[in-house]
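Written below as structure tokens is the structure these notes are about.
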Amino acid sequence: MIVKMKKLNLVGMAYEKDAVLNALQRTGAVEVKLHREEEHSVPLPPADGELSSYHASLEDALERLTQAADAYAKEHKGAARPAKDGFEVSYEEFMAAAGDRARMDGLIARINALTDKKAETRAALAKAERTFAAAAIYRTVEEPLSAYTGTAHTRVRLGMLPLPAWENIKGMLPVLSEGKVLAQEDDQVLVLLVLHKSCAEEGEALLSGTGFTPCPFEGEETGSALYTRLKGECEALYKELDALDEEMAGLGSETRALKIYCDYIGYEAEKAALDEKMRATERTFLLEAFVPEDAEEVVRRELSEAGTVYLEFSEPAEDEELPTLCKNNAVVSDFESLTNTYSVPNAREMDPNTVMSVFYSVFMGFIMADIGYGLLMMLGGGWLKYKNRGRKGGLGALAGVFAIGGIFAVIWGFLFNSLFGITLPIPTVLPNAQSDMWTFAGIGIPAVLVIAMLLGIVQLLAGYICKAVQCWRRGEILDGILDGVVWAIFSLGAGLAIAGLVEEWNIPVLVTVGGITAGVTLVIAMIAAGRHEKFFGKLSKGFGTLYGIINYMSDILSYARLYGLMLSGAVIAQIVSQYAVGFITGGGVLAVLGVLLMLVGHVFNLAIGLLGAYIHDARLQYVEFYGRFYEGEGELFVPLGSKHEHVFVKPYAAERRAEKKGGAAAPVRA
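Residue numbers (my numbering): 13 to 682.
Structural data, given as structure tokens:
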């Protein structure tokens, strides 16, 4: 159901604002709204954004630390990995993060320093590696590089050039010159060229077009000593980088504390941003908020210990937009995220999740329709649900949906007699999806297709009943009857007529009963369609209703997708099992292949089937079912301090805290 909201008006002392907001956050039941304009009060000045900037810098440092620690753990077996998001912390531990600022600021400074140092070292290493690569060809030179300089009568050139270029010019060197290859590295050669000054320009001209690179090194070092030194420098820089990585990874043990602190600062930034929604007088602040009706006493109790406040709970105005909070049992609450993905319910309409969850589960089970697949869905979904217990939405909710769908998959599996595509030696209740045909109005069609369409009619009927209930909740009795009940009876008549047209059922009287029921209700619907219009409007609305029967029939045919998805999964399951069993009975290597085929084939088929079931089942709920009555366009109820990026804060037990605490409380006046 959708929880009824109360409106909280609160006036508190300005110096106690932070304590009051913390008290509201502890309840987990207060969403602060924009305060209406009011005489004798002014808007609070907006926050300067300092906390938001600080929070962003924390998140940036946390991301760099997490990435570094993860990368180090992948390369070093046994290294500790950083804490993953979503871990639980108590409320006390979360709020205690306020005292960690000095330690966390020191940690952030160290992370930033290490990051800068790593960037600096990487740049130095890149430069050293380039120099080292250039020196590789000189490692065989055993004389000091300074020895390769000219004299009074000669010019000496030491450097690299491509081997083909050297082959081309070595026969063209001047007479008074000498050329020698000192080393070769891939297709590059190190040459020493000595030219007499009289022919130096001629020799230089030969080199100019060859890609000759003169030796970039000089000094008293030999080529081999230079190479060894540069190699040592690179190794030293690598070791320095490793040491920096190790030190950064060592800080990974602080990721848990840092994530708690990041989310705490995020909460503080959220509180600071609330200034834009509140108003103030010289000494007080004014706050308006929405509170679930059943949380009123909890809020009163917490505020009584927060300071001197004046508060009032009242009914929201009829035209006031309210946030939506759904409160359902553990099973139905898992389906809320499906509805919210489409559109959040309006706070003033009925909660569709209870009815939708039944149809969604039945349809998912119908699509899978296999005992084995259903058991796997129950086990896998149940395990994931258990791992994510206590948390609303997310993976846990999806797992719960699949687990419930698995129950219905087992039921349908027994009815269709299928265990991983294998027919069991038990009576088959429903027809075979692959082979059985029924004669419908003289035409042979798949029997399971008829069942799928009848299921669709049942859901459409339920949708119209929901429409009636929604109207009646608002006091629109006649609209509920004409727009809801009449069409529900029409759907019943259409379903009876379709059932009567199945010759194998041999109930022809249903055609007459269903046809008359559908016909009469259709006439009523045509007459009632234009009840709010003038003469020509009544005619157009009436004929529009008659034309809408075509859309109604297409809506029924939309449920044929249930049959199509079920059939494809059943065929694949049967083929996989037949081949796998055949291999297994062959023994030896074939038996191993058979087991692998059974595992891989059915896991693949289950995954594809679940994906199709999830998407197409949701489509039927959104378009066909919700299209009858659902309004949506609501906004989720988001209590103060409930948004966290990294941690799951356990709910604060306000009732137990109030019972354990004694002593006089500050006055609360209502």
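Cβ coordinates follow ideal geometry from the N, Cα and C atoms, glycine included.
Residue i versus residue j: straight-line alpha-carbon distance, rounded
i       : j       : result
Ala-145 : Thr-152 : 14 Å
Gly-183 : Val-193 : 14 Å
Val-370 : Gly-507 : 20 Å
Glu-266 : Ala-585 : 49 Å
Ser-570 : Leu-632 : 8 Å
Val-659 : Arg-38  : 16 Å
Val-481 : Met-380 : 32 Å
Val-311 : Phe-426 : 51 Å
Glu-515 : Leu-334 : 53 Å
Lys-243 : Lys-139 : 12 Å
Pro-58  : Leu-36  : 20 Å
Leu-263 : Asp-254 : 14 Å
Met-376 : Gly-417 : 5 Å
Ala-131 : Ala-121 : 15 Å
Tyr-354 : Glu-104 : 36 Å
Leu-461 : Leu-33  : 58 Å
Gly-644 : Asn-358 : 5 Å
Asn-180 : Thr-222 : 9 Å
Gly-231 : Leu-205 : 19 Å
Val-332 : Phe-555 : Contrary to the premise, residue 332 reads as Glu rather than Val in this sequence. Near 37 Å, if we compare the C-alpha coordinates of Phe-555 and Glu-332.
Leu-704 : Val-521 : Residue 704 falls outside the range modelled here, since the chain spans only 13 to 682, and no answer is possible.
Cross-strand partners of residue i (DSSP beta bridge)
i       : result
Ile-14  : Cys-338
Arg-167 : Leu-207
Ala-284 : The partner list for Ala-284 (beta bridge, DSSP) is empty, contrary to what the question assumes.
Trp-450 : Ile-457
Glu-75  : Beta-bridge pairing links Glu-75 to no other residue.
Pro-174 : Gln-200
Tyr-156 : This sequence places Pro at residue 156; Tyr is not what is there. DSSP, once it has assigned bridges, lists Thr-234 as partnering Pro-156.
Thr-353 : Answer by DSSP bridge pairing: none, since Thr-353 is not bridged.
Phe-99  : Val-659
Pro-55  : Arg-291
Leu-648 : Thr-336
Pro-226 : Gly-171
Val-514 : Phe-452
Coarse secondary structure for residue i, derived from DSSP in three states
i       : result
Asn-21  : strand
Ala-195 : strand
Ile-438 : coil
Arg-134 : helix
Phe-428 : helix
Leu-504 : helix
Thr-293 : coil
Thr-161 : coil
Glu-179 : helix
Asn-124 : helix
Residue range of the unbroken alpha helix (DSSP H) whose run includes residue i
i       : result
Leu-683 : Look at the range of the chain in this structure, 13 to 682, and you will see that residue 683 is not part of it.
Leu-577 : 572-598
Lys-243 : 235-262
Glu-309 : 308-316
Ala-35  : 29-39
Val-533 : Note that residue 533 is Thr in the sequence shown here, rather than Val. That run of the alpha helix (DSSP H) goes 521-541.
Ala-212 : 212-220
Asn-444 : Run containing Asn-444: none; DSSP gives neither H nor E here.
Ser-265 : Run containing Ser-265: none; DSSP gives neither H nor E here.
Leu-388 : 383-399
Val-367 : 365-380
Tyr-642 : First-last for Tyr-642: undefined, no H or E at that position.
Leu-632 : Premise fails: Leu-632 is in no alpha helix (DSSP H) and is neither H nor E.
Leu-494 : Looking at the DSSP string, Leu-494 is not in any alpha helix (DSSP H), and its letter there is neither H nor E.
For residue i, the first and last residue of its enclosing beta strand (DSSP E)
i       : result
Pro-186 : Where Pro-186 is concerned, there is no enclosing beta strand (DSSP E), given that its DSSP letter is neither H nor E.
Thr-296 : 296-304
Glu-43  : 43-45
- Item | Validate contact between the region 384-393 and the region 311-323 using beta carbons, cut 8 Å, 3 pairs | no
- Count the C-beta pairs between the region 244-254 and the region 619-626 that are closer than 8 Å, then say yes if the count reaches three, no if not. no
- At a cut of 8 Å, does the region 288-296 reach the region 112-121 through at least three beta carbon pairs? no
- Message: For the structure I just gave you, are there three or more beta carbon pairs, one from the region 463-479 and one from the region 418-436, closer than 8 Å?
- Response: Three or more Cβ pairs closer than 8 Å define a contact, and the region 463-479 falls short of that threshold against the region 418-436.
- Item | Three or more C-beta pairs below 8 Å linking the region 628-642 and the region 257-276 | no
- Task: Inspect the CB distances between the region 215-235 and the region 133-140 and report whether three or more fall short of 8 Å.
- Result: no
- Query: Between the region 232-239 and the region 60-74, do at least 3 Cβ pairs fall closer than 8 Å?
  - Reply: no
- Query: Using 8 Å as the threshold, is the region 205-212 in touch with the region 164-179, meaning 3 or more CB pairs across them?
  - Reply: Yes: at least three Cβ pairs fall under 8 Å.
- Message: Across the region 582-598 and the region 342-354, are there enough close Cβ pairs to call them in contact, namely three or more that are closer than 8 Å?
- Response: no
- Query: Are at least three pairs of beta-carbons, each pair with one atom in the region 14-27 and one in the region 276-286, less than 8 Å apart?
  - Reply: no
- Task: Report yes or no: do the region 333-349 and the region 362-369 share at least 3 C-beta pairs separated by less than 8 Å?
- Result: Yes, since at least three Cβ pairs between the region 333-349 and the region 362-369 fall closer than 8 Å, the two stretches touch.
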